[in-house]
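A.B. asks: The structure follows.
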Amino acid sequence: MRFECTDIFADIDPRLQRLIQRRRRGLSTPPTASTEVGEVAVIAKVNDVQAWRSMTEVREGAEVGSTPNGDIIVTARVPVSRLQSVRTSPCVVSLEASQNLQLTTDDLTPQPLSLLEKGENCESEATQQKGQNAVVGIIDVGCDFVHQNFRHPDGSTRILALWDQDGSSDPDSPFGYGKVYRSAEINAALKSENPYSALGYYPGKIAHGTHVMDIAAGNGNGTGNPGVSPEADIVFVHFSNGAVEAVLADGGSAVDKSLGDTTELVEAVDFVFEIAETRPCVVNISLALHGGPHDGTALVEQSIDALVSNKPNRAVVIAAGNSYYKGIHSSGKVAKNEFTDLYWDIPRGHWQYKAMEIWYAGADKFLLEIFPPDGEALVSLQLGENGDIVDENDNTVIYLSHRFCDPNNGDNMIGIFMESKLPGGVWTVRLHGIEVSNGTFHAWIEREDGSQTSFVPPHDNTHTVSSIGCGHNIIMVGSYDPTKPGQPLSYFSSSGPTRDERKKPDFIAPGQNIWAASSLTLTKSSRKSGTSMSAPVVTGIIALMLSEARDRNIELDINQIRNILIQSAENNPPEDSLQEARYGYGPISINAAISAVSTM
Numbered sequence: 005m006r007f008e009c010t011d012i013f014a015d016i017d018p019r020l021q022r023l024i025q026r027r028r029r030g031l032s033t034p035p036t037a038s039t040e041v042g043e044v045a046v047i048a049k050v051n052d053v054q055a056w057r058s059m060t061e062v063r064e065g066a067e068v069g070s071t072p073n074g075d076i077i078v079t080a081r082v083p084v085s086r087l088q089s090v091r092t093s094p095c096v097v098s099l100e101a102s103q104n105l106q107l108t109t110d111d112l113t114p115q116p117l118s119l120l121e122k123g124e125n126c127e128s129e130a131t132q133q134k135g136q137n138a139v140v141g142i143i144d145v146g147c148d149f150v151h152q153n154f155r156h157p158d159g160s161t162r163i164l165a166l167w168d169q170d171g172s173s174d175p176d177s178p179f180g181y182g183k184v185y186r187s188a189e190i191n192a193a194l195k196s197e198n199p200y201s202a203l204g205y206y207p208g209k210i211a212h213g214t215h216v217m218d219i220a221a222g223n224g225n226g227t228g229n230p231g232v233s234p235e236a237d238i239v240f241v242h243f244s245n246g247a248v249e250a251v252l253a254d255g256g257s258a259v260d261k262s263l264g265d266t267t268e269l270v271e272a273v274d275f276v277f278e279i280a281e282t283r284p285c286v287v288n289i290s291l292a293l294h295g296g297p298h299d300g301t302a303l304v305e306q307s308i309d310a311l312v313s314n315k316p317n318r319a320v321v322i323a324a325g326n327s328y329y330k331g332i333h334s335s336g337k338v339a340k341n342e343f344t345d346l347y348w349d350i351p352r353g354h355w356q357y358k359a360m361e362i363w364y365a366g367a368d369k370f371l372l373e374i375f376p377p378d379g380e381a382l383v384s385l386q387l388g389e390n391g392d393i394v395d396e397n398d399n400t401v402i403y404l405s406h407r408f409c410d411p412n413n414g415d416n417m418i419g420i421f422m423e424s425k426l427p428g429g430v431w432t433v434r435l436h437g438i439e440v441s442n443g444t445f446h447a448w449i450e451r452e453d454g455s456q457t458s459f460v461p462p463h464d465n466t467h468t469v470s471s472i473g474c475g476h477n478i479i480m481v482g483s484y485d486p487t488k489p490g491q492p493l494s495y496f497s498s499s500g501p502t503r504d505e506r507k508k509p510d511f512i513a514p515g516q517n518i519w520a521a522s523s524l525t526l527t528k529s530s531r532k533s534g535t536s537m538s539a540p541v542v543t544g545i546i547a548l549m550l551s552e553a554r555d556r557n558i559e560l561d562i563n564q565i566r567n568i569l570i571q572s573a574e575n576n577p578p579e580d581s582l583q584e585a586r587y588g589y590g591p592i593s594i595n596a597a598i599s600a601v602s603t604m
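Position 506, counted from 1, in the sequence shown is what my numbering calls 510; the numbers after and before it change by one each time, with no gaps.
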């Protein structure tokens, strides 16, 4: 294997650099639900929207909103062949590639039929407020609109709209892809012998989203166990499965845990708020990602922050992730003229695409070396360089980028993207301190389909929260086990803080051994665990708060919502500092939160 430098513009997002280099080597970018062959979904920050719109190579998506300094965040699709010209346009401040997301359920294995009976679920505290004034948005996979828990007593649907991002597009499709089903169409389908065929939408047997939706907003008409806000209206976005197709098309393997991308996520949040119009609305996202700066500056986080702050009575809740025990994070300090090694354990026969990101202060300057198992260094990569390691057949096996001064936070970032079929064993990633003012670094291994690669123990399990949930206006939720004495933190629930040392997750909620609606059963429930299950508990609580506020003609901005939740939380963290970093402000009292609104 040998290293070859490229002349790709060094200030481009490393993931976009990789796509450009793949195209140069004759590899096309496969289509997803929202892109065509050779096209990539992006999130951009621009300083001139009209100039952005005038670029013929840009296929526009959403105009998300403004950042605090007045820049505008937008989504788009861009041909890979035009990425460099788009990025170097004077109107483009930042351009980020979409990243594929995954579910935050710790166990996606279907339960045996004997378990699909009514059981203990996440019961909410007794309250007269039922969320009737609020809209709950669910961005997930699998919406069983037929299940009785999502229907009124007369059998009609509680779902205002269902956007299937994988559905066949029509002229009214949001942002040009997928298909939207309105309540009238759903109600017509519910009157037929086979509602799924009549509507043209099938939720799937496991239907993670059905379970999540029930925790937040199920009414219990079928299972007998209502969710937290049982009278809220619902908007569901069936998140794209396009990433699965992309992985398979690239020659690797995939399971149904890999989903759509961050651009589609931003557009989904925008869609939910548009459907809700002026009604109070809270959106649940039980999806996660490892890659990113973990400081709230990624454009997906800035996008959600902007969408939440555009109007009052809005909130977005994101699962913290289930990566506490998986060994996906490492951190340390590099001294000048010394080096620090990271050991990346890749199981033999692990042929899937793998990625690692390393973030460090913009005032520092590191040099990167990579050693294969039992081998010599393959590369010495200076700050500002990029290139790929190729095999004897001139195929890229690793793409490397050492980016100087990310435009969103001023920090430096190393991207290591392993394509496939590399030797298994322990790879060494060596960081040399060339110029050091701070020296601190954080590294994350991206989530992977199937088996997860990891750092060699001992593991640093701090800073393992999902990178899409570190925004300043986002509510992030970890998990505890309500079935055990003392309700301990769930073994899987990811840890904070953020890379800039803010408290995340914000709160914890029941997320282990949770019973909720089971897809394709009409009235039954199933049991799942994960921060996927704890996030919708808080989503439901916020829906109750917003509904109570609407009853009293009160408007709540996101800072008020967060402060009420903090005041209503237990805030009794464990004495162990490592556990405290996973606790946030603790569990929230529903009655205290509603009471705080009612006494404003």
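Backbone N, C-alpha and C fix where the C-beta goes; we use that ideal spot for every residue, glycine too.
Note that the structure is a prediction, hence the values are computed from the model and not measured.
Compare the C-beta of residue 390 against all C-beta atoms of chain D and say whether one is closer than 7 Å.
C.D. replies: Structure shown: chain D not included; a single protein chain is present.
A.B. asks: Which residue spans inside the stretch 154 to 229 form an unbroken alpha helix (DSSP H) run of at least 4?
C.D. replies: Fully enclosed alpha helix (DSSP H) runs of 4 or longer: 187 to 194, 199 to 203 and 212 to 221.
A.B. asks: Alpha carbon to alpha carbon, what distance is there between residue 23 and residue 395?
C.D. replies: Rounded to whole angstroms, the separation of the alpha carbons of residue 23 and residue 395 is 18 Å.
A.B. asks: Residue ranges of each alpha helix (DSSP H) run of no fewer than 4 residues wholly in the stretch 518 to 578, ordered along the chain?
C.D. replies: 535 to 555 and 562 to 571
A.B. asks: Residue 49 and residue 97 - do their beta-carbons sit closer together than 7 Å?
C.D. replies: yes
A.B. asks: Who does residue 437 pair with in a DSSP beta bridge?
C.D. replies: Looking at the DSSP output, residue 437 shares a beta bridge with 340 and 370.
A.B. asks: Can you confirm whether the stretch 274 to 285 touches the stretch 422 to 436 when touching is taken to mean that 3 or more C-beta pairs between the two stretches lie within less than 8 Å?
C.D. replies: no
A.B. asks: Can you tell me whether residue 327 is buried or exposed, with buried defined as 16 or more other CB within 10 angstroms of its CB?
C.D. replies: buried
A.B. asks: For residue 309, does the three-state DSSP call read helix, strand or coil?
C.D. replies: Helix, per DSSP.
A.B. asks: DSSP puts residue 483 in a beta bridge; with which residues?
C.D. replies: Note: residue 483 sits in a beta bridge opposite 513.
A.B. asks: Identify whether residue 451 lies in helix, strand or coil by the three-state DSSP scheme.
C.D. replies: coil
A.B. asks: Going by C-alpha to C-alpha distance, which of 571, 45, 481 and 506 sits closest to residue 595?
C.D. replies: 571
A.B. asks: Please list the terminal residues of the continuous beta strand (DSSP E) segment that includes residue 470.
C.D. replies: Unbroken run through residue 470: none, as it is neither H nor E.
A.B. asks: Measure the beta-carbon distance from residue 590 to residue 567 and round it to whole angstroms, keeping in mind my assumption that it falls under 8 Å.
C.D. replies: In fact, because the Cβ distance is near 15 Å, the residues do not count as touching under 8 Å.
A.B. asks: Going by beta-carbon coordinates alone, are residue 492 and residue 585 separated by less than 7 Å?
C.D. replies: no
A.B. asks: Who are the near neighbours of residue 451 in its chain, counting only those whose CB is closer than 8 Å to its CB and skipping five residues on each side?
C.D. replies: Once the five neighbours on either side are set aside, the close Cβ partners of residue 451 are 106, 292, 293, 294, 327 and 332.
A.B. asks: Determine the closest residue to residue 161 out of 182, 139, 199 and 190, with distance taken between C-alpha atoms.
C.D. replies: Answer by Cα proximity: 190.
A.B. asks: When the Cα atoms are used, what is the spatial distance from residue 195 to residue 203?
C.D. replies: 11 Å
A.B. asks: Within the same chain, show all residues whose beta-carbon is closer than 7 Å to that of residue 367, passing over the 5 residues directly before and after it, in chain order.
C.D. replies: 441 and 442
A.B. asks: Report buried or exposed for residue 532, applying the criterion of at least 16 other Cβ atoms within 10 angstroms of its Cβ.
C.D. replies: buried
A.B. asks: Less than 7 Å separating the beta-carbons of residue 266 and residue 102?
C.D. replies: yes
A.B. asks: Using a Cβ-Cβ cutoff of less than 8 Å, which residues in the same chain neighbour residue 408 once the five nearest sequence positions on both sides are dropped?
C.D. replies: 14, 15, 366, 387, 388 and 416
A.B. asks: Kindly list the residues whose CB is nearer than 6 Å to the CB of residue 358, restricted to its own chain and excluding five residues on each side of it in sequence; keep chain order.
C.D. replies: 422 and 457
A.B. asks: Which first and last residues belong to the beta strand (DSSP E) in which residue 83 is found?
C.D. replies: 76 to 83 is the span of the beta strand (DSSP E), which, as asked, contains residue 83.
A.B. asks: Taking just the CA atoms, how far does residue 75 sit from residue 310?
C.D. replies: 11 Å
A.B. asks: Mapping DSSP to helix, strand and coil, what is residue 393?
C.D. replies: strand
A.B. asks: Can you give the Cα-Cα distance for residue 482 and residue 5, rounded to whole angstroms?
C.D. replies: 43 Å
A.B. asks: Thinking just about the alpha-carbon of each residue, which of 88, 42, 179 and 226 is nearest to the one in residue 529?
C.D. replies: 226
A.B. asks: Rounded to whole angstroms, how far is the Cβ of residue 45 from the Cβ of residue 62, which I believe are closer than 8 Å?
C.D. replies: Between residue 62 and residue 45 the Cβ distance is about 12 Å, and since that is not below 8 Å, they are no contact.
A.B. asks: Under DSSP, the alpha helix (DSSP H) around residue 56 begins and ends at which residues?
C.D. replies: 53 to 57
A.B. asks: By a C-beta neighbour count over all protein chains shown, 10 Å radius and 16 as the cutoff for buried, is residue 91 buried or exposed?
C.D. replies: buried
A.B. asks: Could you check the C-alpha separation between residue 428 and residue 546 for me, to the nearest Å?
C.D. replies: 46 Å
A.B. asks: Taking residue 77 and residue 313 to be in contact with their CB atoms under 8 Å, please state how far apart those CB atoms are, rounded to whole angstroms.
C.D. replies: Actually they do not touch by this definition, with Cβ atoms about 12 Å apart.
A.B. asks: Under 6 Å Cβ to Cβ from residue 100, same chain only, skipping five residues before and after it: list those, please.
C.D. replies: 17, 47 and 303
A.B. asks: Answer with buried or exposed for residue 495, where buried requires no fewer than 16 other C-beta atoms within 10 angstroms of its C-beta.
C.D. replies: exposed
A.B. asks: For residue 597, which of 578, 553 and 557 has the nearest alpha-carbon?
C.D. replies: 553
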